[in-house]
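Trainee: Input: one structure, supplied below.
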Amino acid sequence: MSNKLSQLKAFTTIVADTGDIAAIKEYMPEDATTNPSLMLKAAQIPEYAPFIDQAITWAKAQSDDLNQQIIDASDKLAVIVGAEILKTVPGRISTEVDARLSFDKDATLAKARKLIALYEEAGVSKDRVLIKAASTWEGIKAAEELEKEGINCNLTLLFSFAQAKACAEAGVYLISPFVGRILDWYKKSTGEEYTAETDPGVVSVTEVYNYYKQHGYNTVVMGASFRNIGEIEQLAGCDRLTIAPALLGELEKDTGTLERKLTPVTDIEEAPEAITEAEFRWEMNQDAMATEKLSEGIRNFAIDQNKLEEKLAALL
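Position in the sequence shown (first residue = 1) + 118 = the numbering used here.
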């Protein structure tokens, strides 16, 4: 009997939410995605020591300034790991822009272009890379420009309908709405428990998926940040799902029947007027959950980026 992971792969593209190459080889996803937190964890794995050494050596050759060396080593390490992952997955790798640039459109553009250039120097074409950036207004507007340059983007830390709407209208290649973190907020805020069907994160992603299909947007919806396989099962049929190795393992061991929950509509309606910056900021302001989780996510990614850079600085 087939397991739920193989059933899920029949109608949803599976992406590994990890920087651990061994885990990626075990579950054979189509794509993989990393972020500063995952890169920090990966840097603790002994097998990654040669990658770190390579990044350090390269950074020293680029500049005599220690601060610049730290930045270069971090960027190079992300690309080295990404290129290594691409030897295993047939699709794409998502590589994240420094979270500390989340409110700086021009700096986000510069970092994205640098990462793409590093990939191309490593022999990886840009059509195998997704640039990840936080779904701030500045991040979305940067992504809009990058998409026009042929650099595809993955907008992450997405919690609200306003963020999703702005991303689609900007022509962003892919969004990563965070299911589990939405659930975390509501459980803490209300004190209630939720079923897989009533899970606020599941409800949010389902709404976004249906809206995109209803209006013919090409932006890919990739559910992320799962707390349990129940959430994943409720989003079966979503364009893509990025799943941590532990939950991939649970799905693989489960031989029950998996029902498809999300299916695109056939009748396409005209898209509404584009959201303005003022409307976007107001809607975010009115959504306490999205505002808090976006800020928290950026802060935590920045903390882990700093820890990674401290580790690299000690080696420079």
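Don't be surprised by glycine CBs; every beta carbon is placed ideally from N, CA and C. None of the values given here were measured: they were computed from a predicted structure.
Within 8 Å, do at least three Cβ pairs link the segment 234-244 to the segment 277-287?
Mentor: Output reads no: the segment 234-244 does not touch the segment 277-287.
Trainee: DSSP three-state label for residue 93, please.
Mentor: This structure does not reach residue 93, given that the chain is present from 119 up to 434, and the question cannot be answered.
Trainee: Looking only at DSSP bridge pairs, what is residue 298 linked to?
Mentor: Translated into the one-based positions of the sequence shown, residue 298 becomes position 180. Per DSSP, none; premise fails for residue 298.
Trainee: Any idea what DSSP makes of residue 214, helix, strand or coil?
Mentor: For the purposes of this step, residue 214 is taken as residue 96 along the sequence shown, with counting starting at 1. In this structure, residue 214 counts as strand in the three-state DSSP scheme.
Trainee: Going straight from the alpha carbon of residue 352 to that of residue 170, what length do you get?
Mentor: Taking the first residue of the sequence shown as 1, we reach residue 352 at position 234. Taking the first residue of the sequence shown as 1, we reach residue 170 at position 52. Each residue's alpha carbon lies about 39 Å from the other.
Trainee: Is residue 232 closer than 9 Å to residue 183 when the C-beta atoms are compared?
Mentor: For the purposes of this step, residue 183 is identified with residue 65 of the sequence shown, where counting begins at 1. For the purposes of this step, residue 232 is identified with residue 114 of the sequence shown, where counting begins at 1. Result no, Cβ atoms of residue 183 and residue 232 do not sit closer than 9 Å.
Trainee: Provide the residue span of the beta strand (DSSP E) that contains residue 250, from first to last.
Mentor: Against the sequence shown, residue 250 aligns to sequence position 132. Residues 247-252.
Trainee: Would you kindly work out how many angstroms separate the C-alpha atoms of residue 135 and residue 273, rounded to a whole number?
Mentor: Counting from one through the sequence shown, the residue named residue 135 turns up at place 17. Counting from one through the sequence shown, the residue named residue 273 turns up at place 155. Using only the alpha carbons, I get a separation of about 15 Å.
Trainee: Can you tell me whether residue 361 is buried or exposed, with buried defined as 16 or more other CB within 10 angstroms of its CB?
Mentor: Here residue 361 is taken as the residue at index 243 of the sequence shown, counted from 1. Classification for residue 361: buried.
Trainee: Would the beta-carbon of residue 376 fall within 9 Å of that of residue 408?
Mentor: Against the sequence shown, residue 376 aligns to sequence position 258. Against the sequence shown, residue 408 aligns to sequence position 290. Not a contact, by the Cβ cut-off of 9 Å.
Trainee: Just to confirm my understanding: we take residue 146, look at its own chain, exclude 5 residues before and 5 after, and list those with CB closer than 6 Å. What are they?
Mentor: As a first step, residue 146 must be located in the sequence shown, where it is residue number 28. If we look at residue 146 and ignore the five residues flanking it on each side, it has no Cβ neighbours.
Trainee: Tell whether a beta-carbon distance below 9 Å holds between residue 219 and residue 213.
Mentor: The residue labelled residue 219 in the question sits at position 101 within the sequence shown. The residue labelled residue 213 in the question sits at position 95 within the sequence shown. It is not a contact, given that the beta carbons lie outside the stated cut-off.
Trainee: Counting only the same chain and skipping the five closest in sequence on each side, list residues whose C-beta sits under 6 Å from that of residue 427.
Mentor: Taking the first residue of the sequence shown as 1, we reach residue 427 at position 309. Same-chain partners within the cutoff: 188, 192.
Trainee: Looking at C-alpha atoms only, which residue of 268, 215, 263, 285 is the closest neighbour of residue 422?
Mentor: On the sequence shown, residue 422 is found 304 positions in, with the first residue counted as 1. The shortest Cα separation from residue 422 among 268, 215, 263, 285 belongs to 215.
Trainee: Which whole runs of the alpha helix (DSSP H) in the segment 347-405 are 4 residues long or more, in chain order?
Mentor: The segment 347-405 contains these whole alpha helix (DSSP H) runs: 347-352, 363-371, 395-404.
Trainee: Please confirm whether residue 437 and residue 174 have their CB atoms less than 9 Å apart.
Mentor: Because the chain spans 119 through 434 in this model, residue 437 falls outside it and cannot be assessed.
Trainee: Report the rounded CA-to-CA distance for residue 125 versus residue 176, giving the unit in angstroms.
Mentor: As a working mapping, residue 125 is identified with position 7 in the sequence shown. As a working mapping, residue 176 is identified with position 58 in the sequence shown. If you take the alpha carbons of residue 125 and residue 176, they lie about 43 Å apart.
Trainee: Between 317, 325, 330, 333, which has its C-alpha nearest residue 349's C-alpha?
Mentor: Locating residue 349 in the sequence shown gives position 231, counting from the first residue. It is 317 whose Cα lies nearest to the Cα of residue 349.
Trainee: Between the segment 307-323 and the segment 262-271, can you find at least three pairs of beta-carbon atoms closer than 8 Å?
Mentor: Too few Cβ pairs lie closer than 8 Å, so no.
Trainee: Ends of the beta strand (DSSP E) at residue 134?
Mentor: Numbered from 1 along the sequence shown, position 16 holds the residue referred to as residue 134. Start and end: 131-135.
Trainee: In this structure, what does DSSP give as the bridge partners for residue 274?
Mentor: Taking the first residue of the sequence shown as position 1, residue 274 is located at position 156. 252.
Trainee: Which parts of the segment 145-228 are runs of the alpha helix (DSSP H), unbroken and 4 residues or longer, counting only runs that do not cross its ends?
Mentor: Fully enclosed alpha helix (DSSP H) runs of 4 or longer: 154-161, 167-180, 184-203.
Trainee: Smallest Cα separation from residue 168: which of 195, 425, 291?
Mentor: As a first step, residue 168 is located in the sequence shown; it is residue number 50 there, counting from the start. Among 195, 425, 291, the Cα nearest to that of residue 168 belongs to 195.
Trainee: Assuming residue 416 and residue 288 make a contact with CB atoms under 8 Å, what is their CB distance in whole Å?
Mentor: The residue given as residue 416 occupies position 298 in the sequence shown. The residue given as residue 288 occupies position 170 in the sequence shown. The Cβ separation is near 19 Å, so there is no contact.
Trainee: To the nearest angstrom, report how far apart residue 399 and residue 162 are at their CA atoms.
Mentor: In the sequence shown, counting from the first residue as 1, residue 399 sits at position 281. In the sequence shown, counting from the first residue as 1, residue 162 sits at position 44. Computed Cα separation, rounded: 38 Å.
Trainee: Within its chain, find whatever has a CB closer than 7 Å to the CB of residue 345; leave out the 5 residues flanking it on each side and keep chain order.
Mentor: In the sequence shown, counting from the first residue as 1, residue 345 sits at position 227. Excluding sequence neighbours, residue 345 sits near 298, 301.
Trainee: With distance defined between alpha-carbon atoms, name the residue in 296, 230, 312 nearest to residue 412.
Mentor: By 1-based counting over the sequence shown, the position of residue 412 is 294. Cα-wise, what sits closest to residue 412 is 296.
Trainee: In whole angstroms, what separates the C-alpha of residue 137 from that of residue 401?
Mentor: On the sequence shown, residue 137 is found 19 positions in, with the first residue counted as 1. On the sequence shown, residue 401 is found 283 positions in, with the first residue counted as 1. Near 34 Å, if we compare the C-alpha coordinates of residue 401 and residue 137.
Trainee: Under 7 Å Cβ to Cβ from residue 139, same chain only, skipping five residues before and after it: list those, please.
Mentor: Counting from 1 along the sequence shown, the entry for residue 139 is found at position 21. The answer, listed in chain order, is 202, 203, 206.
Trainee: Is residue 235 buried or exposed, if buried means 16 or more other CB atoms sit within 10 Å of its CB?
Mentor: As a position in the sequence shown, residue 235 is number 117, starting the count at 1. Classification for residue 235: exposed.
Trainee: Compare the C-alpha of residue 246 against each of 430, 143, 148 and name the closest.
Mentor: As a working mapping, residue 246 is identified with position 128 in the sequence shown. Ranking 430, 143, 148 by Cα distance to residue 246 puts 148 first.
Trainee: Compute the Euclidean distance between the alpha carbons of residue 142 and residue 261, then round it to the nearest angstrom.
Mentor: To locate residue 142, count along the sequence shown from 1; it is residue 24. To locate residue 261, count along the sequence shown from 1; it is residue 143. Each residue's Cα considered, the two are about 27 Å apart.
Trainee: For the alpha helix (DSSP H) that residue 326 lies in, which residues bound it at each end?
Mentor: Along the sequence shown, read from residue 1 onward, the residue named residue 326 stands at position 208. Unbroken alpha helix (DSSP H) run through residue 326: 318-333.
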